[in-house]
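Visitor: Sharing a structure here in structure tokens format.
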Amino acid sequence: MASLFGPLPKVVRLLDAGAGAGALTAAIVSRLCEKKDGVHTVQAMLYELDPLIQEALLETMRDCQRLCALAGIQFSFTIHATDFIQEMSACLADTLFGAKPPTFDAAIVNPPYRKIGIDSAERRSLRQVGVETSNLYAGFIALIQRLLAPGGQIVGITPRSFCNGPYFRSFREDFLTNLEVHRLHVFESRGAAFRDDSVLQENIIFHAVKGRKQPRELVVSSSSGEHGDIVAENVIPFAEIVHQHDAEKCIHIPSAPGHAVAKKAMDSLHTTLASLGVTVSTGRVVDFRLKDALRWAPEKGTVPLLYPCHFNGGTIHWPKADARKPNAILNNDETRPWLVKSDVYLLTKRFTSKEERRRLVACLFDPKEVEAEWLGIENHLNYFHADGRGLDRNLAVGLFAFLNSTVVDQYFRRFSGHTQVNATDLRRLAYPDRETLQSMGAEMKELDQPQAEIDKLVEKHLHAHR
Ligand SMILES: C[S@@+](CC[C@H](N)C(=O)[O-])C[C@H]1O[C@@H](n2cnc3c(N)ncnc32)[C@H](O)[C@@H]1O
26 MASLFGPLPK VVRLLDAGAG AGALTAAIVS RLCEKKDGVH TVQAMLYELD
76 PLIQEALLET MRDCQRLCAL AGIQFSFTIH ATDFIQEMSA CLADTLFGAK
126 PPTFDAAIVN PPYRKIGIDS AERRSLRQVG VETSNLYAGF IALIQRLLAP
176 GGQIVGITPR SFCNGPYFRS FREDFLTNLE VHRLHVFESR GAAFRDDSVL
226 QENIIFHAVK GRKQPRELVV SSSSGEHGDI VAENVIPFAE IVHQHDAEKC
276 IHIPSAPGHA VAKKAMDSLH TTLASLGVTV STGRVVDFRL KDALRWAPEK
326 GTVPLLYPCH FNGGTIHWPK ADARKPNAIL NNDETRPWLV KSDVYLLTKR
376 FTSKEERRRL VACLFDPKEV EAEWLGIENH LNYFHADGRG LDRNLAVGLF
426 AFLNSTVVDQ YFRRFSGHTQ VNATDLRRLA YPDRETLQSM GAEMKELDQP
476 QAEIDKLVEK HLHAHR
């Protein structure tokens with residue numbers, strides 16, 4: 026991370042927010058002591074809330090001071106054992122009344138990550154400076170951005186989750202408007218970088234510069250996150266990272282060879298889900314809210330309740346005798362608003378396990394295979410429908426093939442680093458036109474096909490489409 030900084034001024038005002046034992050500042054100091062940067066003074070400001078780590082942090086800073094002295098660099102530091110979010114939000118908000126927030130030339134940060142509730146103290150603090158975000162790490166980055174001098178640099182390591190999804194939309198806007206992204210590195214394997222905390226999330230390192238002109242291209246690299254792993258590097262146009270007309274400002278990170286192929290194939294598609302007359306919604310049955318209405322096995326007065334565990338080789342296997350989830354839900358006035366009329370629907374999992382080969386897993390619900398008038402679709406599933414009604418079967422099977430294809434999976438991985446698939450992600454994808462989907466569906470006689478067969482079919486139709 027320290028090696029990613031570009032040229033630095035002779036006097037560096039350095040920020041390390043959430044400093045822990047000071048490892049990141051020590052890394053910068055070690056780089057500067059090589060004396061290639063021409064830096065003669067470092068003024069470090071560190072924020073660390075945890076009282077138990079203060080002594081170690083102080084010790085590291087004293088080591089930094091000794092190393093710098095040997096290298097002829099003046100090193101001073103201040104440690105704030107206070108809440109960075111609260112203090113800096115207040116300071117930035119108070120500028121109107123004369124307080125002056127500190128300014129930095131460089132910030133290196135591995136911020137804490139934790140969800141922050143809508144009414145939490147952190148959210149309220151951040152709101153004072155116009156930052157609205159649901160995770161602590163994004164709050165740290167947004168504040169640091171505001172504290173950088175023009176041309177000031179930040180190198181951060183964070184979860185990749187801010188790169189897509191509605192929750193980070195306004196954070197992305199803020200980030201991309203005020204920071205020029207110069208380098209991205211992605212750790213392909215979730216968990217490797219932060220294994221101790223068992224975080225199931227891809228992580229990225231970014232180097233960005235305070236300013237408003239994005240570079241024409243930047244280096245994107247990737248590694249598995251295992252120690253000593255080879256780093257693959259590519260130069261990618263910025264326009265491929267953030268698409269010019271994308272209102273969502275998704276940050277795509279093409280890091281595997283398959284990603285470029287997928288982008289090319291997907292770029293030829295221009296049909297939206299809405300123009301197909303298809304809607305995707307999240308399953309309406311939130312099981313813990315309807316606990317009394319759930320039944321392990323079907324009985325009189327119940328209808329099927331579908332969970333991801335009912336997915337089986339492309340179709341629904343119901344009821345599932347050894348399921349750890351209820352198979353049925355009462356069909357009465359209380360539950361009816363949460364049920365849908367049985368019909369042809371395409372279902373997708375909202376969460377896949379790390380081990381699953383694809384992020385997108387789609388399955389067809391065919392009313393011919395499960396006899397019922399109504400259905401419960403549980404909240405861990407998304408379902409594709411036509412304004413509340415079922416889909417034309419060939420269209421549904423075409424969507425099944427498309428969404429289960431490697432092309433779509435690879436495309437998805439360019440912009441999503443987590444195993445969650447939001448309905449918005451599915452809404453935003455470009456799809457083949459109705460005719461292509463229907464002929465794909467008509468050609469697919471069996472749903473339980475090897476991946477290679479699905480890919481062959483989809484590629485053939487996408488190719489003809491071009
Ligand atoms: C992910 S750790 C990173 C530690 C260190 N920078 C490193 O990379 O080894 C985040 C650190 O932020 C600290 N922290 C959490 N919330 C904080 C806050 N509101 N203000 C300051 N520090 C905080 C935690 O105690 C923790 O040490």
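Each residue of the sequence shown is one higher than the last, beginning at 26 in the working numbering. Think of the CB as a built atom: it goes at the ideal place given N, C-alpha and C, for glycine as much as any other residue.
1) Quick check: what's the CA-CA separation for Asp-480 versus Asp-271?
2) In this structure, how does DSSP classify Val-224 when only helix, strand and coil are distinguished?
3) Label Phe-193 either buried or exposed according to how many other C-beta atoms from any shown protein chain fall within 10 Å of its C-beta, with 16 as the threshold for buried.
4) Would you please state the rounded distance, in angstroms, between the beta carbons of Val-64 and Leu-33? I believe it to be under 8 Å.
5) Pick helix, strand or coil for Val-134, following the three-state DSSP scheme.
6) Below 8 Å, is the gap between the Cβ of Asn-189 and the nearest heavy atom of ligand 1?
7) What is the rounded straight-line gap between the Cα of Val-224 and the Cα of Pro-184?
8) Just to confirm the assignment: which complete beta strand (DSSP E) runs, minimum length 3, are found wholly within the stretch 175-260?
9) Checking the sheet assignment: what are the DSSP bridge partners for Trp-399?
10) Pairing CB atoms from the stretch 108-115 with CB atoms from the stretch 141-155, are three or more of them under 8 Å?
11) Checking the sheet assignment: what are the DSSP bridge partners for Lys-316?
12) Determine the closest residue to Asp-391 out of Leu-385, Lys-366, Ile-182 and Glu-403, with distance taken between C-alpha atoms.
13) Can you confirm whether the stretch 304-311 touches the stretch 241-261 when touching is taken to mean that 3 or more C-beta pairs between the two stretches lie within less than 8 Å?
14) How would you call Lys-274, buried or exposed, if buried means at least 16 neighbouring beta carbons within 10 angstroms?
15) Whole angstroms are fine: how far does the CA of Asp-144 sit from the CA of Leu-161?
16) Quick check: what's the CA-CA separation for Leu-172 versus Asn-203?
17) DSSP state of Cys-388, grouped into three classes?
18) Could you please give me the residues that DSSP links to Tyr-72 through a beta bridge?
19) If you draw a straight line from the C-alpha of Val-180 to the C-alpha of Asn-429, how long is it?
20) Output the boundary residues of the beta strand (DSSP E) element that contains His-284.
21) Mind checking who Ile-266 pairs with in its DSSP beta bridge?
22) Where do the ends of the beta strand (DSSP E) carrying Thr-307 lie?
23) For the alpha helix (DSSP H) that Ile-53 lies in, which residues bound it at each end?
24) Does the Cβ of Pro-175 lie closer than 8 Å to at least one heavy atom of ligand 1?
25) Between Thr-73 and ligand 1, is there a pair consisting of the residue's CB and a ligand heavy atom that are separated by less than 8 Å?
26) Per the DSSP calculation, Pro-329 is bridged to which residue(s)?
27) I'd like to check one pair, Ala-94 with Phe-100: are the Cβ atoms closer than 9 Å?
28) Along the beta strand (DSSP E) that carries Phe-19, what are the first and last residues, could you check?
29) In the DSSP assignment, what residue or residues form a beta bridge with Cys-376?
30) Could you spell out the range, first to last residue, of the beta strand (DSSP E) harbouring Leu-406?
31) When burial is assigned at 16 or more other CB atoms within 10 Å of the CB, is Gly-541 buried or exposed?
32) How about Asn-446 and Lys-374: are their beta carbons less than 9 Å apart?
33) Distance, Cα to Cα, Ala-218 vs Gln-463?
34) Measuring only from the beta carbon, is Gly-43 closer than 8 Å to any heavy atom that is part of ligand 1?
35) Is Arg-87 helix, strand or coil by DSSP?
36) Ligand 1 heavy atoms versus the CB of Thr-85: any closer than 8 Å?
Guide: According to the data block:
1) Between Asp-480 and Asp-271, the C-alpha separation is close to 27 Å.
2) Reliability of the predicted coordinates at Val-224 is poor, the pLDDT of 41 falling under 50, and the value obtained from them is presented with this limitation in mind. Here Val-224 sits in coil by DSSP.
3) The residue is buried, with at least 16 neighbouring Cβ atoms inside 10 Å.
4) With a Cβ gap of about 6 Å, Val-64 and Leu-33 count as contacting.
5) It is a strand residue.
6) Closer than 8 Å to some heavy atom of ligand 1: that does not describe the Cβ of Asn-189.
7) Low local confidence applies: a pLDDT of 41 at Val-224 is under 50, so the model's placement there is unreliable, with the coordinate-based value given in what follows. So the alpha carbons of these two residues sit roughly 9 Å apart.
8) For the stretch 175-260, whole beta strand (DSSP E) runs of length 3 or above, ordered along the chain, are 204-212, 228-235 and 242-248.
9) Its beta-bridge partners are Lys-366.
10) Touching, yes, given that three or more Cβ pairs across the two stretches are closer than 8 Å.
11) Beta-bridge analysis with DSSP links Lys-316 to no other residue.
12) Taking only the C-alpha atoms, the option nearest Asp-391 is Lys-366.
13) No, the stretch 241-261 is not in contact with the stretch 304-311.
14) Buried, since its Cβ has 16 or more Cβ neighbours within 10 Å.
15) Those two C-alpha atoms are separated by around 13 Å.
16) Straight-line Cα distance between these residues: approximately 11 Å.
17) Looking at Cys-388 - three-state DSSP - the assignment turns out to be strand.
18) Answer is Ala-42 and His-105, bridged to Tyr-72.
19) Distance between the alpha carbons of Val-180 and Asn-429 is about 36 Å.
20) Here His-284 belongs to no beta strand (DSSP E); instead the alpha helix (DSSP H) covers 282-292.
21) DSSP output for Ile-266 lists no bridge partner at all.
22) For Thr-307, the enclosing beta strand (DSSP E) begins and ends at 304-307.
23) Counting along the chain, the unbroken alpha helix (DSSP H) around Ile-53 starts and ends at 48-57.
24) No, ligand 1 has no heavy atom inside 8 Å of this Cβ.
25) The amino acid at residue 73 is misidentified as Thr; the sequence shows Glu. Result yes, Cβ under 8 Å from ligand 1.
26) Pro-329 has Ala-353 as its beta-bridge partners, per DSSP.
27) Against a cut-off of 9 Å, the Cβ pair of Ala-94 and Phe-100 comes out as a contact.
28) Residue 19 is absent from the model: the chain starts at 26 and stops at 491.
29) One point to set straight first is that residue 376 is Phe, not Cys, in the sequence displayed. Residue pairing from DSSP places Phe-376 in a beta bridge opposite Gln-445.
30) Secondary structure note for Leu-406: its beta strand (DSSP E) is the uninterrupted segment 406-410.
31) For the chain, the structure presents residues 26 to 491; residue 541 sits outside this window and is missing.
32) Before going further, note that residue 446 is Val rather than Asn in the sequence given. Contact: yes.
33) Low per-residue confidence applies at Ala-218: pLDDT is 47, beneath 50, and the placement is therefore not dependable, though the value from the model is reported in the following sentence. One C-alpha to the other measures close to 43 Å.
34) Correct: Gly-43 has its Cβ closer than 8 Å to ligand 1.
35) DSSP places Arg-87 in helix when its eight states are reduced to three.
36) Not so, every heavy atom of ligand 1 lies at least 8 Å from the Cβ.
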